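One structure is given here, and the rest of the page talks about it.
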Amino acid sequence: MTTTLSLEAEVAKLIVEALHLETAPEEIDPEAPLFGEGLGLDSIDALEIALAVSKRYGFQLRSDDERNHRIFASLRALAAHIEKNRTG
Amino acid sequence: MLPLTSRTPEEVIFHRGDVPVTVRRFLAEVASLAARLPEDGPVLNFCADRYLALLSFAAALSRGHVTLLSADRTPQRLADIARLHGARYALSDTEVALPLPVLAPEAEAGAAAPNPAIPAAMVAAIAFTSGSTGEPRPHAKPWGALVAGARAAAERFAVTPGTSIVGTVPAQHMYGFETTLLLPLQGAGAGHAGAVFYPSDVAEALAAVPAPRLLVTTPLQLRALLGTGIALPAVSAIISATAPLADSLAAEAEAAFGAPVLEIYGATEAGSIASRRTLEGEAWSPYPGVAFAIGENRAEVTVPGLPAPVPLSDVLEAAGGDRFRLVGRQGDMVKLAGKRASLAGLGKILSDVEGVREAMFLAPEDLDHNPRARLAAFVVAPGMSATSVVAALRGRVEPAFLPRPVVMLDELPRDEVGKVQHKDLAGLAWRRS
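For the protein sequence lines, the chains are A and U, in the order given. Residue numbers are given in UniProt numbering: position 50 of the first sequence equals residue 50, and the series is strictly consecutive. Residue numbers are given in UniProt numbering: position 49 of the second sequence equals residue 49, and the series is strictly consecutive.
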């Protein structure tokens, strides 16, 4: 689906810009975990992404019961979550 | 001897969802969990649910088992702590594969149970700092010190018995442990059990508990709360710790949430030892019973219940009466996300990476006031990329200290006597901001 693909690219760019990452947006593996072994983000980044997402897409991220946030499982999962919840 | 809790039986000590837990019920649940515990401690406690973290701590304490507190739930870190400190079992509500029995604590009320008496000198918990080498360093907490700290905090912040305490800090981080578990256990107020991390979680958690409400948080999370512009239910006060709060952020928070913003100064080694209201000026007031000895380049603090004065890694300056100002940090120590490291120590770890010829770390000037600031690394490593440098460091240093940006250089800029030019490096790292 082209919308999802372009949203994925857009979210990748948002992450790289918000977090000042060394990685280029197109280098982020859409299936790789964003935290820990994948892109290596941490809890400071999670808040930063939550902030960027609320500004850009007009909704709030929230914790699942576990700290193991399913929506941060990968870029693809995050983009899908944004697609479903965006108001802006 | 000091009782497990100073609260009276009918007081509410915690809110689990919409269920208020009275002290009577808590004590019964402690007794029934304590009866299920293995013969010997120490116990590794990494419960995410704040009530289960408290219940587990209290049950272990009543059995004479020392609790090892790890806010870091990565299996590697937990296994290190367990191995180095002889943990016999773990209590957790999340599954982690560890080379020791991991029990899930359950809140089961049995028969009414007494309030156990605990020797004041008994080591109740061990908290850990990591330093730059990553090796966890233990800091023993006698029961008497924890009790004194909680009572001092209740007095300092005038916490009433009916105050609801919502925290965004892990229950096993020293600040979270003291302010969200021990405060209700030995001071006043009722904790909130669930996971609270994102701004929307904070708003929901506050809405779920009765007023007055106390929010226990960090500069980073305050910034996110303000940034998203989320509306919060009325709070009576906001407490922040782990890093000094910028005046501008405190002013914005006071205006947005209509409550005083207070800060705690502390260290894992000493616990919470002073406080201030950010907007009233930069001087800190020691907690009742806490005494600071401030020297030229060295300060130490005497804390009720701790056997010896504790040296601090900050440089302090007397500010009249018993108050003091924070001037900076000893040597090249930096603090990020509530964790400390030495820049030279980090540089050494990076220089030891295969393929790296030379490397150093620098902190941005606003490190202490910008909650999202990161360290920069400067690396001479022909054939390596910034990404591969970060990949090599992962697992060797705390994630918060992973450098951003990583500046790859042919050589480090030096002056005619060979001294590395920090100013030039800083220009390379932070020119964009």
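Beta carbons are placed, not taken as given, at the ideal position from N, Cα and C, and that holds for glycine. Treat the numbers as computed from the prediction; the structure is a model and nothing was measured.
- Taking 9 Å as the Cβ-Cβ cut-off, the segment 20-34 of chain A approaches chain U at HIS20, LEU21, GLU22, THR23 and GLU27, given in chain order.
- At a beta-carbon threshold of 8 Å, the residues of chain A lying near VAL390 of chain U are GLU22 and GLY40, ordered along the chain.
- A Cβ of chain A is located within less than 8 Å of the beta carbon of PHE197 of chain U.
- Put simply, of U:GLY305, U:ILE238 and U:PRO210 the residue whose alpha carbon is nearest the alpha carbon of PRO119 of chain U is U:GLY305.
- Of all alpha-carbon atoms in U:LEU185, U:GLY281, U:MET1 and U:SER32, the one lying nearest the alpha-carbon of ALA112 of chain U is that of U:SER32.
- Counting only the Cα atoms, LEU412 of chain U lies some 36 Å from GLY295 of chain U.
- DSSP places SER56 of chain U in the helix class (H, G or I) of the three-state scheme.
- Bounds of the alpha helix (DSSP H) holding SER54 of chain A are 43-57.
- The beta carbon of VAL235 of chain U sits closer than 6 Å to the beta carbons of ARG213, LEU215, PHE257 and ALA259 from its chain, once the five residues preceding and following it are set aside; these are given in chain order.
- For the alpha helix (DSSP H) assignment, the uninterrupted runs of no fewer than 4 residues enclosed by the segment 127-156 of chain U are, from N- to C-terminal side, 143-156.
- GLY189 of chain U and GLU280 of chain U have their C-alpha atoms spaced approximately 25 Å apart.
- In terms of beta-carbon proximity, ALA53 of chain U stays away from the interface with chain A, with every pair separated by 8 Å or more.
- When the five nearest sequence neighbours on each side are left out, the beta carbons in the same chain lying within less than 8 Å of the beta carbon of PRO75 of chain U are those of VAL96, ALA97 and LEU98, in order along the chain.
- Annotation for VAL159 of chain U: LEU183, GLY187, ALA188, GLY189 and LEU214 place their beta carbon closer than 7 Å to its own, counting only its chain and skipping 5 residues before and after.
- Distance between ALA337 of chain U and PHE197 of chain U, taken at the CA atoms: about 14 Å.
- When secondary structure is reduced to three states using DSSP, ILE239 of chain U falls in the strand class.
- With at least 16 other beta carbons inside 10 angstroms of its own, LYS141 of chain U counts as buried.
- Cβ contact annotation for ARG63 of chain U (same chain, cutoff 8 Å, sequence separation greater than five): ALA34, LEU37 and GLY41, in chain order.
- Proximity of GLN221 of chain U to chain A, defined by a Cβ-Cβ separation below 8 Å, is satisfied.
- Taking the beta carbon of PRO405 of chain U as reference, the chain A residues within 7 Å of it are HIS20 and GLU22, listed in sequence order.
- Taking a beta-carbon distance threshold of 8 Å, ALA400 of chain U counts as an interface residue toward chain A.
- Bounds of the beta strand (DSSP E) holding SER272 of chain U are 271-277.
- For the C-beta of GLU48 of chain A, the chain U residues within less than 7 Å are, from N- to C-terminus, ARG372.
- Contact note: SER74 of chain A does not reach chain U at a C-beta cutoff of 8 Å; the least C-beta distance is about 18 Å.
- Taking 8 Å as the upper bound for CB-CB distance, ARG156 of chain U and SER275 of chain U are in contact here, some 6 Å apart.
- For ILE81 of chain U, not one C-beta of chain A is nearer than 8 Å to its own C-beta.
- In this structure, DSSP gives MET1 of chain U a state outside helix and strand, which the three-state scheme calls coil.
- Taking 8 Å as the CB threshold, ILE15 of chain A stays off the interface with chain U.
- One alpha carbon belongs to ALA24 of chain A, the other to GLU10 of chain A, and they sit about 12 Å apart.
- For ARG223 of chain U, the secondary structure class from DSSP, reduced to helix, strand or coil, is helix.
- Per DSSP, the unbroken beta strand (DSSP E) holding ASN45 of chain U starts and ends at 43-45.
- The Cβ-Cβ distance between MET408 of chain U and ALA386 of chain U falls below 8 Å.
- The segment 51-59 of chain U makes no contact with the segment 71-86 of chain U, as fewer than three CB pairs between them are under 8 Å.
- Between LEU78 of chain U and TYR89 of chain U, the gap from beta carbon to beta carbon reaches 8 Å or more.
- Measuring C-alpha to C-alpha distances from GLY167 of chain U to each of U:HIS173, U:MET174, U:PRO161 and U:THR180 identifies U:THR180 as the nearest.
- Inter-residue distance for ALA231 of chain U and THR94 of chain U is about 31 Å (C-alpha atoms, whole angstroms).
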